[in-house]
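Respectively, the protein sequence lines represent chains P and B.
The first sequence runs 1276 to 1430 under our numbering.
The second sequence runs 1276 to 1430 under our numbering.
Ideal placement from N, C-alpha and C gives every residue a C-beta, glycine not left out.
Just so we're clear, the structure is a prediction, and the values are computed from it rather than from any experiment.
Below is one structure, written out as structure tokens; comments come after it.
Protein chains: 2
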Amino acid sequence: MDSVEEEIYQVRKLEISDKNKGFIELLQQLTVCDSVSDEAFLERFQEIAKYGDDHVICVIQDDNSNSGRIVATGSLFIEKKFIRNCGKVGHIEDVVVDSSVRGKQLGKKIIDFLSDHARAMGCYKVILDCSLENRPFYEKCGFKQKEIQMVKYFI
Amino acid sequence: MDSVEEEIYQVRKLEISDKNKGFIELLQQLTVCDSVSDEAFLERFQEIAKYGDDHVICVIQDDNSNSGRIVATGSLFIEKKFIRNCGKVGHIEDVVVDSSVRGKQLGKKIIDFLSDHARAMGCYKVILDCSLENRPFYEKCGFKQKEIQMVKYFI
């Protein structure tokens, strides 16, 4: 990526207007994500905003094209614990890069942004769950495999 | 476990007075957990309490003995997402049962309590990370292995 592209692909926090820039459609590349009404989006946005720096969603907007679409995102929330001397842990979730811009290291930019935030907030570690297939990517971001993830679905 | 023991080992939410009933010492069986001052405990307790039903720590007190000590605990916090139709996910953390009372299914009681809470709060799933060694226990609680956990330590 040259320096011009570096300038174009900046990470910033999610804004309400990003809903109309393809944010939801981007999440649909990750998992089941039905279309969300403007009201539902705003309500959830405000619920998350209440947590302040303890729950951050970041995005990259593609200013390289006329579309100005959101092409990468990831979220981080901070869990407060009693262990580790009343320590804090950052949880990274819902990382996705638009299939049209893969290979430009936007995923790494997202992970670095969220990890830096977690560290700045005083977390002693940051964790995430991923498929075995995505392990090499996260290793490049400085992560190591530790445990296994278990899940119980209600619906 | 007979019905008398069933009555004795009830799950309830963490209270401030549990600090003097061995709550921190119990967490020390799980991981690094230095002794915590009363002030630091109260501050963290209040920070977590602000989240209301979105962050619950539960405990089991041993009323079977004169000690009245806390012998099991686990925590759950609820993450608000945009995916899955603005869905919610329950994250289970820091589950530990005192080594002296293992085999009484207290761990399952803790997991069931936290899972039931997540379901009641509208989560579409509940997730946790554990060692491969603990997988059979969580399978008995209705969980299935899904992904892998990656971690990056800052300290």
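Contact set for residue i: own chain, Cβ-Cβ below 6 Å, skip 5 residues either direction
i	result
B/V1346	I1335, D1337, D1373, V1376
P/L1289	I1332, V1334
P/N1339	I1283
B/K1384	V1286
Contact belief for residue i with residue j at Cβ below 8 Å, rounded distance in angstroms
i	j	result
B/R1344	P/I1423	Going by Cβ atoms, the distance from B/R1344 to P/I1423 rounds to 31 Å, so no, they are not a contact pair.
B/L1389	B/I1367	5 Å
B/V1364	B/K1415	Actually they do not touch by this definition, with Cβ atoms about 22 Å apart.
B/G1349	B/D1369	6 Å
P/K1294	P/D1313	7 Å
P/R1394	B/F1418	Rounded, the Cβ-Cβ distance is 30 Å, inconsistent with contact.
Identity of the residues DSSP links to residue i by a beta bridge
i	result
P/T1348	P/V1334, P/V1371
B/G1365	B/I1353, B/V1401
Endpoints, alpha helix (DSSP H) assigned at residue i
i	result
B/Y1428	First-last for B/Y1428: 1419-1428, but that is the beta strand (DSSP E), not the alpha helix (DSSP H).
P/G1382	1381-1395
B/E1408	Element bounds for B/E1408: n/a, residue is neither H nor E.
P/I1299	1298-1302
B/D1313	1313-1324
Bounding residues of the beta strand (DSSP E) (the contiguous stretch that carries residue i)
i	result
P/D1404	1400-1405
B/K1288	1286-1288
Own chain residues within Cβ distance below 8 Å of residue i, not counting five before or after
i	result
B/D1391	none
B/Y1413	I1386, L1403, C1405
B/M1396	D1328, D1329, I1353, K1363, G1365
P/C1398	I1353, G1362, K1363, V1364, G1365
B/I1323	H1330, I1332
B/Q1304	V1371, D1373, S1374
P/G1291	The identity of residue 1291 of chain P in the sequence shown is Ile, whereas the question assumes Gly. Counting only Cβ-Cβ distances below 8 Å, and skipping sequence neighbours, we find F1316, L1317, F1320.
Cβ-based neighbour list, residue i, same chain, cut-off 7 Å, excluding 5 preceding and 5 following
i	result
P/S1310	I1299
P/L1420	Going by the sequence as given, residue 1420 of chain P is Gln instead of Leu. So the qualifying residues of the chain are R1410.
Next item on the list: Taking 8 Å as the threshold, find out whether the stretch 1353-1370 of chain B comes into contact with the stretch 1310-1323 of chain B through three or more Cβ pairs.
Entry: no
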